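K.L.:
In the numbering used here, the protein residues as written are 634 to 1046. Could you have a look at this structure, given as structure tokens, before my questions?
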């Protein structure tokens, strides 16, 4: 019982750290976008975490961990204990989860992860998507798509039944790519912000508060100690300490290399690229943080940092408008981190790489199809983009009737 208490306290601390990440996402998003849309972004982020927890309680947790599957491990059997949480007989004893945590802690830790996928989309569609359709998307994607997709691996679905099981320790694919694929689809269907591309040429739209964005990244880095450290699912001293070391080193390498490559490519020391490099390193190590040596982590983070610079450039060349770099960070580096499990660390090998590739393709399929259907149907019915006037004057005034900085206004266009 003493060990259960220690493990459970660690897991609750990690839960709090993952919850704190939502403040980091909010700061990053408002910092990299314009003042006139601050309330809108904050509203979306608060909505995501609140509705996400409620949905995960009512349907998501049971859907993600159903106990049995149909269609060869693809569709969770979800007809027992359909709604809400029901404490199992051993839910508060060492028999539950091998003494790693209690049933209640299990739900809350996993619930914090569930909302992150929609938060990733929030940043990519910032400054031009209607709040109503975004809220509908969040309800469906977090309430249904994320837990079904998560069940394929973490819930014992078909990806665990491969000859060499797919491996994603803390969610490079299950969380970050799930959000990243939806972000890519949403950006394609929405179109770019007014003024982002003029006569086919990229025009920078600076964020209004880079110090706040920097604070957001540092908060996210701190929260990742819970994101990855909690995914050990106990307070095991060896595994938790290794996981925190690899997480930190990958973040540091990603930031340094992104800043260096960006300087060599663009001849300027771009702080935003430095920040996204840190996040790219964090996303990249998340799939195999418990399997890597410190040197492996540095290499994975460094490659993620390099990828960030070229992915951001590619997205711009494709005339896709992602104000916060969510697609490059969460999707591209999420794919890289997932594949890296087959190339580095304790599971490296050809068979593992193939399984990782199967996982990446499987999640691409469900996420692209589901997010396209949700957003495309809304686009053709209620519309998903605000009017030109609303976009130019700001979503805060038109959708919320509020100003984030009533005593301090900037001239924005």
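Don't be surprised by glycine CBs; every beta carbon is placed ideally from N, CA and C. In this text, all values refer to a predicted model and were calculated from it rather than measured experimentally.
Report the three-state DSSP secondary structure of residue 1005 (helix, strand or coil).
P.N.:
Against the chain shown, residue 1005 aligns to sequence position 372. DSSP places residue 1005 in helix when its eight states are reduced to three.
K.L.:
Whole-angstrom Cβ separation of residue 891 and residue 910, contact assumed at under 8 Å?
P.N.:
As a first step, residue 891 must be located in the chain shown, where it is residue number 258. As a first step, residue 910 must be located in the chain shown, where it is residue number 277. Contact flag correct, Cβ pair sits at about 2 Å.
K.L.:
Any beta carbon from chain D within less than 9 Å of residue 921's own beta carbon?
P.N.:
Protein chains in the displayed structure number just one, and chain D is not present.
K.L.:
Could you tell me if residue 1022 is buried or exposed, where buried requires 16 or more neighbouring beta carbons within 10 angstroms of its beta carbon?
P.N.:
Counted from its first residue, the chain shown places residue 1022 at position 389. Counting Cβ neighbours within 10 Å, residue 1022 comes out exposed, since fewer than 16 surround it.
K.L.:
Evaluate residue 695 with the Cβ neighbour count: other Cβ atoms within 10 Å of its Cβ, from every protein chain shown; 16 or more gives buried, anything less gives exposed.
P.N.:
Numbered from 1 along the chain shown, position 62 holds the residue referred to as residue 695. Flag for residue 695 reads buried.
K.L.:
Would you decide whether residue 728 is buried or exposed? Buried here means 16 or more other CB atoms lie within 10 Å of its CB.
P.N.:
In the chain shown, counting from the first residue as 1, residue 728 sits at position 95. Under this definition residue 728 is an exposed residue.
K.L.:
In terms of residues, what are the limits of the alpha helix (DSSP H) holding residue 934?
P.N.:
Taking the first residue of the chain shown as position 1, residue 934 is located at position 301. Element bounds for residue 934: 927–950.
K.L.:
If you measure between the beta carbons of residue 956 and residue 838, is that distance less than 9 Å?
P.N.:
Position 323 of the chain shown, counting from 1, holds the residue named residue 956. Position 205 of the chain shown, counting from 1, holds the residue named residue 838. For residue 956 and residue 838, yes; Cβs fall inside 9 Å.
K.L.:
Please go through the stretch 666–718 and give each complete alpha helix (DSSP H) segment of 4 or more residues, from N-terminal end onward.
P.N.:
Counting only runs of 4 or more, we get 671–688 and 694–697.
K.L.:
Looking at residue 644: is its Cβ nearer than 9 Å to the Cβ of residue 976?
P.N.:
As a position in the chain shown, residue 644 is number 11, starting the count at 1. As a position in the chain shown, residue 976 is number 343, starting the count at 1. No.
K.L.:
Could you tell me how far apart the beta carbons of residue 787 and residue 654 are, in whole angstroms, since I believe they sit closer than 8 Å?
P.N.:
Translated into positions along the chain shown, residue 787 becomes position 154. Translated into positions along the chain shown, residue 654 becomes position 21. Not really, about 19 Å apart at Cβ, beyond 8 Å.
K.L.:
Looking at the structure shown, is residue 1046 part of a helix, part of a strand, or coil, going by DSSP?
P.N.:
Within the chain shown, numbered from 1, the residue matching residue 1046 stands at position 413. With a pLDDT of 49 at residue 1046, under the threshold of 50, the modelled position of that residue is not reliable, and no figure is offered here.
K.L.:
Look up residue 830 in the DSSP assignment and say whether it is helix, strand or coil.
P.N.:
Counting from 1 along the chain shown, the entry for residue 830 is found at position 197. Of the three classes helix, strand and coil, the one that applies to residue 830 here is strand, per DSSP.
K.L.:
Give me the residue from 946, 705 and 815 with the minimum Cα distance to residue 899.
P.N.:
Mapped onto the chain shown, residue 899 falls at position 266. The shortest Cα separation from residue 899 among 946, 705 and 815 belongs to 946.
K.L.:
According to DSSP, which residues form a beta bridge with residue 1018?
P.N.:
Along the chain shown, read from residue 1 onward, the residue named residue 1018 stands at position 385. The partner list for residue 1018 (beta bridge, DSSP) reads 762.
K.L.:
Using only alpha-carbon positions, find the residue among 756, 639 and 702 that is nearest to residue 849.
P.N.:
Taking the chain shown and counting its residues from 1, the one referred to as residue 849 is at position 216. Out of 756, 639 and 702, 756 has the C-alpha closest to the C-alpha of residue 849.
K.L.:
Count Cβ pairs between the stretch 1001–1015 and the stretch 841–855 that sit closer than 8 Å; are there 3 or more?
P.N.:
No, they do not touch.
K.L.:
Please name the residue in 746, 669 and 1024 whose C-alpha comes closest to that of residue 690.
P.N.:
In the chain shown, the residue the question calls residue 690 occupies position 57. It is 746.
K.L.:
Run through the stretch 868–923 for me and flag every whole alpha helix (DSSP H) of 4 or more residues, listed as ranges in chain order.
P.N.:
Runs found: 870–899 and 904–918.
K.L.:
According to DSSP, is residue 835 helix, strand or coil?
P.N.:
Residue 835 sits at position 202 when you count from the first residue of the chain shown. Strand, per DSSP.
K.L.:
Quick one: residues in its chain with C-beta nearer than 6 Å to the C-beta of residue 792, no 5 flanking neighbours on either side, listed in chain order?
P.N.:
As a first step, residue 792 must be located in the chain shown, where it is residue number 159. Within the same chain, residue 792 has close Cβ partners 785, 786, 799 and 992.
K.L.:
Grouping DSSP H, G and I as helix and E and B as strand, with all else coil, what is residue 778?
P.N.:
On the chain shown, position 145 is the one that residue 778 refers to. The answer is helix: DSSP assigns residue 778 an H, G or I state.
K.L.:
Taking the alpha-carbon positions, what's the residue 1046 to residue 953 distance?
P.N.:
Along the chain shown, read from residue 1 onward, the residue named residue 1046 stands at position 413. Along the chain shown, read from residue 1 onward, the residue named residue 953 stands at position 320. No answer about residue 1046 holds up, because its pLDDT of 49 lies below 50 and its placement is not dependable.
K.L.:
Whose C-beta lies closer than 7 Å to the C-beta of residue 811 among residues of the same chain, with five residues either side of it excluded?
P.N.:
To locate residue 811, count along the chain shown from 1; it is residue 178. Contacts found: 750, 779, 782, 996 and 1000.
K.L.:
Could you round the C-beta distance between residue 970 and residue 805 to whole angstroms and report it? I think they count as a contact, below 8 Å.
P.N.:
Counting from one through the chain shown, the residue named residue 970 turns up at place 337. Counting from one through the chain shown, the residue named residue 805 turns up at place 172. That belief holds up - the Cβ atoms of residue 970 and residue 805 are roughly 4 Å apart, short of 8 Å.
K.L.:
Which of the three DSSP states, helix, strand or coil, is assigned to residue 863?
P.N.:
As a first step, residue 863 is located in the chain shown; it is residue number 230 there, counting from the start. In the structure shown, residue 863 sits in a helix (DSSP, three-state: H, G or I).
K.L.:
Would you say residue 883 and residue 803 are within 9 Å of each other, going by their C-beta atoms?
P.N.:
For the purposes of this step, residue 883 is taken as residue 250 along the chain shown, with counting starting at 1. For the purposes of this step, residue 803 is taken as residue 170 along the chain shown, with counting starting at 1. Their beta carbons are not under 9 Å apart, which means residue 883 does not touch residue 803 by this criterion.
K.L.:
Would you report the Cα separation of residue 795 and residue 983, rounded to the nearest angstrom?
P.N.:
Counting from 1 along the chain shown, the entry for residue 795 is found at position 162. Counting from 1 along the chain shown, the entry for residue 983 is found at position 350. Using only the alpha carbons, I get a separation of about 14 Å.
K.L.:
Hey, would you say residue 672 sits closer than 9 Å to residue 1029, going by beta carbons?
P.N.:
For the purposes of this step, residue 672 is identified with residue 39 of the chain shown, where counting begins at 1. For the purposes of this step, residue 1029 is identified with residue 396 of the chain shown, where counting begins at 1. Yes, they are a contact pair.
K.L.:
Considering only C-alpha positions, which residue in the set 1040, 1025 and 807 is nearest to residue 762?
P.N.:
Indexing the chain shown from 1 puts residue 762 at position 129. The option with the nearest alpha carbon to residue 762 is 1025.
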